[in-house]
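First up is the structure itself, then whatever we jot down about it.
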Amino acid sequence: MLITWVSRKGLKRFKNNDAVALYENNKIFIAIAVDAAEKNNTSHESDLAKYWANAVIAECNFRIDSTSMLKIDINEIVAILREKQKNLRHNYLHETASYAVVFLDKELQVVTTLHCGDCLFGSQKNTPSINWLIKPHNTHQQQMQLLAAGCQCHSHAYSRFTLTRYLNARRFYTPELNEFPITDMEQLILSTDGYWAEHIGERIAWEKLEDDASVLRINLSEEKTLDIQSDCENFVTYTIY
1 MLITWVSRKG LKRFKNNDAV ALYENNKIFI AIAVDAAEKN NTSHESDLAK
51 YWANAVIAEC NFRIDSTSML KIDINEIVAI LREKQKNLRH NYLHETASYA
101 VVFLDKELQV VTTLHCGDCL FGSQKNTPSI NWLIKPHNTH QQQMQLLAAG
151 CQCHSHAYSR FTLTRYLNAR RFYTPELNEF PITDMEQLIL STDGYWAEHI
201 GERIAWEKLE DDASVLRINL SEEKTLDIQS DCENFVTYTI Y
């Protein structure tokens, strides 16, 4: 399994507010990508993305180590997310973020995703294009759903930058759950919106991106290797064999 993490600060951002953490053993693979919002492009120092990614995966690691089966299920991961969200009020009361979790059961050959906000999961096989398998939680997507249902709506009221579900200290939004077989997948991809929307969708050159942009690629057919290409320390891994 070749794991590649590519991440950079956007030109209009004070610092890179994306982060990823992962866990892997012989039975399962878990990864979480986080994209924290930067408040009005200020120099306010926040480590919410790194904190949330590490807190979730560290707790997964602890619970897996506490069972002889060396596994965890998706309901337990949701419980961890709910539990850890309560701690945000102490240091991150006014901050928000998006996140997406990938949970791969190697024995069942099934990947389950949990996402809240506009981090996306996709796959690739024998093609340069990415098949995005989940939808962002924003008002632009809400508008698309209304239009598809034949409803009239004013386009100015909808934006991909306005989230309808997100991580915050005041309220726990239950993440959306989706499940996919991996039989037709060669690469699993986790992405923040700077990558999937600005770089891929708007075709803006990597070095000219205004938003932070990050992508985690998990190549299932390659030998076990880590390739980290980031402008800051925003990658954490727990690997147990």
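Residue numbers (full-length UniProt numbering): 1 to 241.
Note that the Cβ used here is the ideal one computed from N, Cα and C, for glycine as well.
In this text, all values refer to a predicted model and were calculated from it rather than measured experimentally.
Residue-chain proximity (residue i, chain B), Cβ-Cβ < 8 angstroms
| i | result |
| --- | --- |
| Leu81 | The structure shown contains no chain B; it is built from a single protein chain. |
Endpoints, beta strand (DSSP E) assigned at residue i
| i | result |
| --- | --- |
| Cys116 | Val110 to Cys116 |
| Pro181 | Glu176 to Pro181 |
| Glu207 | Glu207 -> no beta strand (DSSP E), and no H or E assigned at all. |
| Tyr23 | Asp18 to Glu24 |
| Ser230 | Thr225 to Ser230 |
| Tyr166 | Element bounds for Tyr166: n/a, residue is neither H nor E. |
| Trp5 | Leu2 to Arg8 |
| Ile28 | Ile28 to Ala36 |
| Tyr238 | Phe235 to Thr239 |
Residue i to residue j span [Cα, whole Å]
| i | j | result |
| --- | --- | --- |
| Phe29 | Leu163 | 28 angstroms |
| Ile77 | Lys12 | 34 angstroms |
| His90 | Asn234 | 22 angstroms |
| Arg8 | Cys232 | 8 angstroms |
| Thr139 | Arg165 | 10 angstroms |
| Ile182 | Gln109 | 6 angstroms |
| Phe14 | Ser68 | 45 angstroms |
| Phe203 | Asp65 | Looking at the sequence itself, residue 203 is Arg, so the reference to Phe does not match. Approximately 43 angstroms between the Cα atoms of the pair. |
| Lys39 | Thr237 | 28 angstroms |
| Thr127 | Leu93 | 43 angstroms |
| His115 | Ser98 | 8 angstroms |
| Ser214 | Asn17 | 10 angstroms |
| Glu95 | Asn54 | 17 angstroms |
| His199 | Arg160 | 15 angstroms |
| Ile134 | Val20 | 18 angstroms |
| Glu59 | Ala33 | 16 angstroms |
| Leu190 | Asn219 | 12 angstroms |
| Asn25 | Glu179 | 20 angstroms |
| Asp212 | Ala205 | 13 angstroms |
| Ile3 | Leu216 | 7 angstroms |
| Lys224 | Lys27 | 15 angstroms |
| Leu88 | Arg171 | 10 angstroms |
| Glu210 | Val56 | 28 angstroms |
Residue environment, residue i, which counts as buried when at least 16 other CB atoms sit within 10 Å
| i | result |
| --- | --- |
| Pro175 | buried |
| Ser129 | exposed |
| Asn131 | exposed |
| Gly117 | buried |
| Lys86 | exposed |
| Phe62 | exposed |
| Leu188 | buried |
| Asp193 | buried |
| Trp5 | buried |
| Ser221 | exposed |
| Thr113 | buried |
Helix, strand or coil at residue i [DSSP, three-state]
| i | result |
| --- | --- |
| Val173 | Sequence inspection shows Tyr at residue 173; the Val mentioned does not correspond to that position. Residue state, collapsed to three classes: coil. |
| Asp184 | coil |
| Asp211 | coil |
| Arg217 | strand |
| Leu11 | coil |
Task: Residue ranges of each beta strand (DSSP E) within the region 66-141, 3 or longer - done: 96-105, 110-116 and 120-124, all fully within the region 66-141.
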